[in-house]
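These notes concern the structure reproduced below.
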Amino acid sequence: MTRVKMISVWFGGVLFLAGVAGILESGAADVFLEVTRPDFQKISLGIAGIQNGGGPDWLGGRIEEVLKKDVKRSLVFDLVDLPSLGITPSDIGNGTGTGSKAVFKQVAEKGVSVLVWGKAVMKEAQKDADVNMEGFVYDSGSDEVVGGKRYAGSPSVVRLMAHRFVDELVFRYTGEPGIARTKIAYVAQQGTARELFVMDYDGYDARQLTADGFLNLMPQWSPDRRFLVFTAYRDRNTQNIDMIELATGKRWTLISLGGLNITPALSPDGNFLAFASSHEGNSELYRLDTRTKGIQRLTVNPSGDLSPSWSPNGRELVFVSDRGGGPQLFLMGSDGTNVRRLTFDGDYNAAPAWSPRGNWIAYVCRTQREYKLCVISPDGQKRMQLTTGPGVDDSPSWSPDGRHLVFSSTVDGKSHIYMIGADGKDLERLTFQGTHNSAPSWSPAS
Amino acid sequence: MNKTLCTFGVVLVASAALIGMPGCGKKSVQSGGDAQSTQRSADSSKSGVGSYPDTSVQSGGGGLRGLDKNPSEERVGSGTMLAKIDPSSNAGRQMDEIRAEQAASAAAGLRDVFFAYDSWTITEEGRQALSRDAEWIKSNPNALLKIEGHCDERGTSAYNLVLGEKRAKAARNYLVELGVGANRLSVVSYGKERPVCTEHAESCYQQNRRGHLVVKAGK
Chain A
8 MTRVKMISVW
18 FGGVLFLAGV
28 AGILESGAAD
38 VFLEVTRPDF
48 QKISLGIAGI
58 QNGGGPDWLG
68 GRIEEVLKKD
78 VKRSLVFDLV
88 DLPSLGITPS
98 DIGNGTGTGS
108 KAVFKQVAEK
118 GVSVLVWGKA
128 VMKEAQKDAD
138 VNMEGFVYDS
148 GSDEVVGGKR
158 YAGSPSVVRL
168 MAHRFVDELV
178 FRYTGEPGIA
188 RTKIAYVAQQ
198 GTARELFVMD
208 YDGYDARQLT
218 ADGFLNLMPQ
228 WSPDRRFLVF
238 TAYRDRNTQN
248 IDMIELATGK
258 RWTLISLGGL
268 NITPALSPDG
278 NFLAFASSHE
288 GNSELYRLDT
298 RTKGIQRLTV
308 NPSGDLSPSW
318 SPNGRELVFV
328 SDRGGGPQLF
338 LMGSDGTNVR
348 RLTFDGDYNA
358 APAWSPRGNW
368 IAYVCRTQRE
378 YKLCVISPDG
388 QKRMQLTTGP
398 GVDDSPSWSP
408 DGRHLVFSST
418 VDGKSHIYMI
428 GADGKDLERL
438 TFQGTHNSAP
448 SWSPAS
Chain B
411 MNKTLCTFGV
421 VLVASAALIG
431 MPGCGKKSVQ
441 SGGDAQSTQR
451 SADSSKSGVG
461 SYPDTSVQSG
471 GGGLRGLDKN
481 PSEERVGSGT
491 MLAKIDPSSN
501 AGRQMDEIRA
511 EQAASAAAGL
521 RDVFFAYDSW
531 TITEEGRQAL
541 SRDAEWIKSN
551 PNALLKIEGH
561 CDERGTSAYN
571 LVLGEKRAKA
581 ARNYLVELGV
591 GANRLSVVSY
601 GKERPVCTEH
611 AESCYQQNRR
621 GHLVVKAGK
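Residue numbers (our numbering), protein chains in the order written: chain A, 8 to 453; chain B, 411 to 629.
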């Protein structure tokens, strides 16, 4: 592995354990580099405004605000403040695809790679009025307007238009679809019950999926984004693994073996469901072949085994076991062979999530008596703590681009959902309503 | 930590009816052994498994069509990949049943058993509480009981579900030792998902680390 000159990346003044600080510090430097790979500088991008071509005052501004936040969150682009370069929205012209040669020249001279502008219109006649949005892209490298998009839809999809546009931008410059249209499934308190919800990746547009008045826990997405698997107690006394189809709300029980049935996780190809069950005594890991319905037991151990997470190629699982005393992360082949311990730092490591890029496993680590987020490489060589301070962090889940994590935390008192960069930067709170939001699961990219 | 004092026996017999007994051996640190299990896999118990749809990814690209120099209009859907839920009367029914259980349990004067941090060992106080509970259960031979395992907010949701089950089973096993029929006792873990209080303080945590006995309403 390339050793780079040590960059001290002490996120928020992390207090690492004495003695291993050197190792961790170099690990932190590696993380920083990995995240900014593949060796690109962020691409500088300016948004010259979405002009209001008619309709309510908020329209252009709202689209522009969503665009800017999406561009920042992409971690692909570096959002440039155009007014500080002397460029104002009105300079770009009337928001059409022609743009302004003078502005292009200015942008290129300032070293801005990409310029985005556009126009939005709403016909306000009736409630289900149509919104039209146009967005255009100038690339200073090729010195041309490389293209644009025209969207139409109801006012309720204004944010979605902006998300879609940014996903197109990310796709154009990285070949990856972007995460602006991904969703986050989670659990929210409703009275005395905990129900499943799904929201946009930026915390907007939360929708309730279940209403059985008791407990629903730990949703996980199917690879095609059409279903969630989760732990449910529909009659309060037994715990099953249920499946729900998002588009229809149709729901059924997938696993009902008796005992504890928790932490379901579908393999990346959807052919296997790994889960923990105590129906044969204590909590063990099992694997359901979703085609044959055969169940294979993966662990045999008097201690608790739980929380499986698949490697992106589906060949391995990382899981939690307390066979050594406290909970620690272990790796094994997805058929239960070749078990080996992954974590050795600290006496409590749990809730692992394998990055979709394969290079990191995020998990909850106990440090200074608090439960914080850590990442470790699957070979155990690199490790870094991402969050600090008080509170219980739980349930890390990766964005499909592997650049972000979503997790729950009690850092602000009540349990809420937060997003953080894989390098521990850019912490953003996503939920503000209610008394308890937890167990976030990031959807695959569409 | 006294978690090593008491753990469940190795009960890995195929019968799902077998239950863990409160042995007091040391928790074994087992590193091998897992691989062997896969040989005797392919469980015949297809019961307990529901239907599974095709979830393989049908299309890639997420409907992105790329930037276009002369873009044609794309209709953006209303984002209704989500069905509207029908807030059924289910929640109301659950509340009624929970209230009935609470009333029956309060009338019986059942006592909860409390645990130390990260522990599922029954303390001396816990034994006294369970002894009184056992008396009531024996003198009410028709009552069926549920033992709920609960945890405080510290630690992960998933690991606390396992811990909650250990607590519930420890309480059940002690009641069985006292002569209560195992068939009258069911266990369920709620982990840290149904706390009785939500302050971030030990005074609250200790109330949440409990085995809660409930007289089951109906069947």
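A virtual CB, placed ideally from N, CA and C, is assigned to each residue, including glycine.
From L66/A to F282/A, what distance separates their C-alpha atoms? Within the first sequence, residue 66/A is the residue found at index 59, counting from 1. Within the first sequence, residue 282/A is the residue found at index 275, counting from 1. Each residue's Cα considered, the two are about 46 angstroms apart.
Going by CA-CA distance only, name the one from D400/A, R294/A, R436/A, N278/A that's closest to S284/A. One-based indexing of the first sequence puts residue 284/A at position 277. Here the closest residue by C-alpha is R294/A.
Return yes when the Cβ of V153/A is within less than 8 angstroms of the Cβ of G104/A, no when it is not. For the purposes of this step, residue 104/A is taken as residue 97 along the first sequence, with counting starting at 1. For the purposes of this step, residue 153/A is taken as residue 146 along the first sequence, with counting starting at 1. Cβ atoms of G104/A and V153/A: not closer than 8 angstroms.
Please list the terminal residues of the continuous alpha helix (DSSP H) segment that includes L571/B. On the second sequence, residue 571/B is found 161 positions in, with the first residue counted as 1. First-last of the alpha helix (DSSP H) with L571/B: 567-587.
Candidates G277/A, C372/A, L313/A, Q246/A: closest to T350/A by CA position: Translated into positions along the first sequence, residue 350/A becomes position 343. Checked all of G277/A, C372/A, L313/A, Q246/A; the closest Cα to T350/A is C372/A.
When the Cα of K49/A is compared with those of V121/A, V73/A, N59/A, which residue comes out closest? Here residue 49/A refers to the residue found at position 42 of the first sequence. Of the listed residues, the one whose Cα sits closest to K49/A is V121/A.
Cβ of Q227/A within 8 angstroms of any chain B Cβ: Within the first sequence, the letter at position 220 stands for residue 227/A. Cβ-Cβ to chain B under 8 angstroms: no for Q227/A.
What is the residue span of the beta strand (DSSP E) that K108/A lies within? For this step, residue 108/A is matched to residue 101 along the first sequence. Taken as a continuous stretch (DSSP letters only), K108/A belongs to no beta strand (DSSP E), being part of the alpha helix (DSSP H) at 108-116.
Run down chain B in chain order and give the residues with a C-beta less than 7 angstroms from the C-beta of G256/A. To locate residue 256/A, count along the first sequence from 1; it is residue 249. Ordered by position in chain B, the residues that pass the 7 angstroms Cβ test against G256/A are A493, I495.
Could you round the C-beta distance between T374/A and G398/A to whole angstroms and report it? I think they count as a contact, below 8 angstroms. Numbered from its first residue, the first sequence carries residue 374/A at position 367. Numbered from its first residue, the first sequence carries residue 398/A at position 391. Not a contact, Cβ separation roughly 12 angstroms.
Name the two residues that bound the continuous alpha helix (DSSP H) containing V73/A. Here the question's residue 73/A lines up with position 66 in the first sequence. Residues 65-81.
Candidates S51/A, H411/A, G93/A, G102/A, of which the one nearest G60/A by Cα: Taking the first sequence and counting its residues from 1, the one referred to as residue 60/A is at position 53. Out of S51/A, H411/A, G93/A, G102/A, G102/A has the C-alpha closest to the C-alpha of G60/A.
Q113/A to F143/A, Cα distance in whole Å? Counting from 1 along the first sequence, the entry for residue 113/A is found at position 106. Counting from 1 along the first sequence, the entry for residue 143/A is found at position 136. Their Cα atoms are separated by approximately 17 angstroms.
Are the beta-carbon atoms of V625/B and A518/B separated by less than 8 angstroms? By 1-based counting over the second sequence, the position of residue 625/B is 215. By 1-based counting over the second sequence, the position of residue 518/B is 108. Yes, the Cβ-Cβ distance between V625/B and A518/B is below 8 angstroms.
What's the C-alpha gap between S402/A and I94/A? For this step, residue 402/A is matched to residue 395 along the first sequence. For this step, residue 94/A is matched to residue 87 along the first sequence. Computed Cα separation, rounded: 43 angstroms.
Partner residues on chain B for I269/A, Cβ-Cβ distance less than 7 angstroms: One-based indexing of the first sequence puts residue 269/A at position 262. Simply A568, L571.
Please list the terminal residues of the continuous beta strand (DSSP E) segment that includes T238/A. Within the first sequence, residue 238/A is the residue found at index 231, counting from 1. First-last of the beta strand (DSSP E) with T238/A: 234-240.
Determine, using beta-carbon pairs with one atom in the segment 199-218 of chain A and one in the segment 437-452 of chain A, whether at least three such pairs fall under 8 angstroms. yes
Return no unless some Cβ of chain A is closer than 8 angstroms to the Cβ of L585/B. For this step, residue 585/B is matched to residue 175 along the second sequence. Judged by the 8 angstroms Cβ criterion, L585/B is not in contact with chain A.
Own chain partners of R241/A with C-beta closer than 6 angstroms, once the 5 adjacent residues on each side are dropped: If you number the first sequence from 1, residue 241/A lands on position 234. Here the set comprises D219.
Closer than 8 angstroms, Cβ to any Cβ of chain A: which residues of the segment 497-526 of chain B, in chain order? P497, S498, N500, A501, G502, R503, Q504, M505, E507, I508
Please report the straight-line C-alpha distance between Q215/A and N244/A, rounded to a whole angstrom. The residue you call residue 215/A lines up with position 208 of the first sequence. The residue you call residue 244/A lines up with position 237 of the first sequence. About 23 angstroms.
Using only the alpha-carbon positions, how far apart do Y569/B and S515/B sit? Numbered from its first residue, the second sequence carries residue 569/B at position 159. Numbered from its first residue, the second sequence carries residue 515/B at position 105. Roughly 28 angstroms separates the two Cα atoms.
So, I532/B versus Y584/B, is the Cβ gap smaller than 8 angstroms? Here the question's residue 532/B lines up with position 122 in the second sequence. Here the question's residue 584/B lines up with position 174 in the second sequence. The answer is yes: Cβ separation under 8 angstroms.
So A578/B and E558/B are in contact, right, with Cβ under 8 angstroms, and what is the actual spacing, rounded? Mapped onto the second sequence, residue 578/B falls at position 168. Mapped onto the second sequence, residue 558/B falls at position 148. Going by Cβ atoms, the distance from A578/B to E558/B rounds to 6 angstroms, so yes, they are a contact pair.
Quick one: what does DSSP say T374/A is sitting in, helix, strand or coil? Your numbering for residue 374/A matches position 367 in the first sequence. Strand, per DSSP.
Checking 8 angstroms against the spacing of the C-beta atoms, do L273/A and V236/A come in under that value? Sequence index remark: in the first sequence, residue 273/A carries index 266 (1-based). Sequence index remark: in the first sequence, residue 236/A carries index 229 (1-based). Against a cut-off of 8 angstroms, the Cβ pair of V236/A and L273/A comes out as a contact.
Contact set between V590/B and chain A, taken where Cβ atoms lie within less than 9 angstroms: On the second sequence, residue 590/B is found 180 positions in, with the first residue counted as 1. What V590/B touches in chain A: nothing, since even the nearest Cβ is about 18 angstroms away.
Classify A592/B as buried or exposed, calling it buried when 16 or more other Cβ atoms lie within 10 Å of its own Cβ. Counted from its first residue, the second sequence places residue 592/B at position 182. That one is exposed.
In its own chain, which residues sit with a C-beta less than 7 angstroms from the C-beta of Y211/A, not counting the 5 before and 5 after it? As a working note, residue 211/A is residue 204 in the first sequence. For Y211/A, where only same-chain residues beyond five positions count, the Cβ hits under 7 angstroms are R166.
P551/B: contacting residues in chain A (beta-carbon distance under 7 angstroms): Position 141 of the second sequence, counted from the start, is the residue given in the question as residue 551/B. Going along chain A, no residue has its Cβ under 7 angstroms from P551/B, so there is no contact; the nearest lies around 20 angstroms.
Of the residues S97/A, V73/A, D98/A, the one placed nearest L86/A, counting alpha carbons only: Walking along the first sequence from the start, residue 86/A turns up at place 79. Nearest C-alpha to L86/A: V73/A.
Within 8 angstroms of any Cβ in chain A, is that where the Cβ of R564/B sits? Residue mapping note: residue 564/B aligns to position 154 of the second sequence, counting from 1. For R564/B, the answer is yes, since a Cβ of chain A falls inside 8 angstroms of its Cβ.
Is the shortest distance between the beta-carbon of E116/A and the beta-carbons of chain B less than 8 angstroms? In the first sequence, counting from the first residue as 1, residue 116/A sits at position 109. No, E116/A lies away from the interface with chain B (no Cβ there is under 8 angstroms from its Cβ).
Checking contacts by CB at 8 angstroms: is D98/A closer than that to chain B? For the purposes of this step, residue 98/A is identified with residue 91 of the first sequence, where counting begins at 1. Taking Cβ atoms only, chain B never reaches closer than 8 angstroms to D98/A, which makes this a no.
So which of T438/A, A452/A, N345/A has the shortest CA-CA distance to M206/A? As a position in the first sequence, residue 206/A is number 199, starting the count at 1. Checking every option, the nearest Cα to that of M206/A belongs to T438/A.
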